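In the working numbering, the protein residues as written are 13 to 179. Okay, structure first, notes after.
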């Protein structure tokens with residue numbers, strides 16, 4: 013989508029700088045780096061490993077993945093094979109872009125739906141995490157919440173494409 017509008021963001025007005033996805037992604041990446049650095053230093057100095065760091069790193073990587081996915085949909089940089097659609101006229105290309113967004117929305121919607129059931133089960137059954145012993149729902153509740161963020165960015169792409177008359 014970004015090539016269709018000269019590389020500008022398909023959903024944000026020109027000049028919009030702050031994007032919540034950039035902040036969330038940078039914060040998650042910084043936390044992963046700090047946790048890993050602390051684990052390496054402690055292991056090097058004391059020969060003891062912080063086992064819980066893997067639990068936090070896995071959670072933060074999933075968090076980072078969803079924040080990055082939302083940013084990709086916002087910028088129109090999601091992964092796509094466009095060999096055939098680039099050879100089509102705007103009307104057909106737009107139809108395929110809308111179809112791709114619809115399928116993405118369906119998949120992310122299913123992740124949000126079933127992720128909310130998973131988080132609710134973790135809450136009701138009082139499942140604890142293996143490393144820290146925290147309530148597991150603290151980790152799993154982010155799956156449906158971040159899926160809704162991605163879904164919102166997909167909807168923005170829909171609105172943008174539906175309002176765009178020509179390439």
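All C-beta atoms, glycine included, are put in the ideal place defined by N, C-alpha and C. All figures in this text were calculated on a predicted structure; none of them were measured in a lab.
- Nearest C-alpha to residue 125 among 153, 38, 75 and 34: 153.
- Taking C-beta separations shorter than 6 angstroms and ignoring five residues to either side along the sequence, the partners of residue 155 in its chain run 127, following chain order.
- Here residue 59 is exposed. Its C-beta has fewer than 16 other C-beta atoms within 10 Å.
- DSSP places residue 163 in the uninterrupted alpha helix (DSSP H) bounded by 154-175.
- Taken atom to atom, the span from the alpha-carbon of residue 61 to that of residue 134 is near 28 angstroms.
- One alpha carbon belongs to residue 177, the other to residue 151, and they sit about 42 angstroms apart.
- Around the beta carbon of residue 138, fewer than 16 other beta carbons lie within 10 angstroms, which makes this residue exposed.
- The alpha-carbon separation between residue 31 and residue 101 amounts to approximately 32 angstroms.
- Straight through space, the alpha carbons of residue 77 and residue 34 are spaced by roughly 12 angstroms.
- Excluding the 5 residues flanking it on each side, residue 163 has same chain C-beta neighbours closer than 7 angstroms at 117, 120, 121 and 124, in chain order.
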